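Numbering (the working numbering), first residue to last: 16 to 220.
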């Protein structure tokens, strides 16, 4: 049976789009925070609000999963997708909060690039989620997220190596090691979200 013959609930697709847009807004807010690096408390509060909005969207998806007789994709796949998207927004919040908690005075060039990579992944995820209804032209968004993850992987390794090569104070090494790890984990979560979408795509085609 083709995807187009499956009964569809438009509300699910609206929620997928809302989830993607919220993720993209969160990543853009983190990117701007790291680039501009002012009004940190206010910027973190904005990201925390977006994380809460994402939780509300996910709760609505789960409510509809419980109530719907027919869903546009397997229930387990929908749950997996929104869970992975939630992981990304949670990671963005953790990164933003850690900059403040650790008292970082100036972001590194590597952290700025990692924030840009995460922002790029989020934009590709949001674009792909907008196309889930029609299931067309998704592959290029999937590929872009994977390519950005590969770039981040190399950048993270180089950034970690530089921490120990630059003879930094031990406390600074610990701070940046944690921040780079949070970035790497969150960027990996974005790739996990794409892989969840890829499974849905392959089942439907």
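Where is the CB? At the ideal position from N, CA and C, for every residue including glycine.
Remember, predicted model here, so these are calculated numbers, not experimental data.
- Query: Hey, how far is the Cα of residue 199 from the Cα of residue 163?
  - Reply: Cα-Cα distance, rounded: 11 Å.
- Under the three-state DSSP convention, the category residue 129 falls into: In the structure shown, residue 129 sits in a helix (DSSP, three-state: H, G or I).
- What's the call for residue 108, buried or exposed, on a 16-neighbour Cβ count within 10 Å? Its Cβ being crowded by 16 or more others within 10 Å, residue 108 is buried.
- Same chain, Cβ closer than 8 Å to residue 34, five either side skipped, listed in chain order: Excluding sequence neighbours, residue 34 sits near 69, 72, 73, 76, 97, 100 and 144.
- Task: Mind checking which residues open and close the alpha helix (DSSP H) that includes residue 77?
- Result: Start and end: 55-82.
- Endpoints, the alpha helix (DSSP H) within which residue 169 is located: Where residue 169 is concerned, the enclosing alpha helix (DSSP H) stretches over 154-180.
- Message: Please classify residue 217 as buried or exposed, where buried requires at least 16 neighbouring CB atoms within 10 angstroms.
- Response: With fewer than 16 other Cβ atoms within 10 Å, it is exposed.
- Task: Within 10 angstroms of the Cβ of residue 190, are there 16 or more other Cβ atoms? Answer buried if so, exposed if not.
- Result: Residue 190 is buried by the Cβ-count criterion.
- In the structure shown, what three-state DSSP assignment does residue 123 receive? In this structure, residue 123 counts as coil in the three-state DSSP scheme.
- In or out: residue 160 buried (at least 16 other Cβ within 10 Å) or exposed? Label assigned to residue 160: buried.
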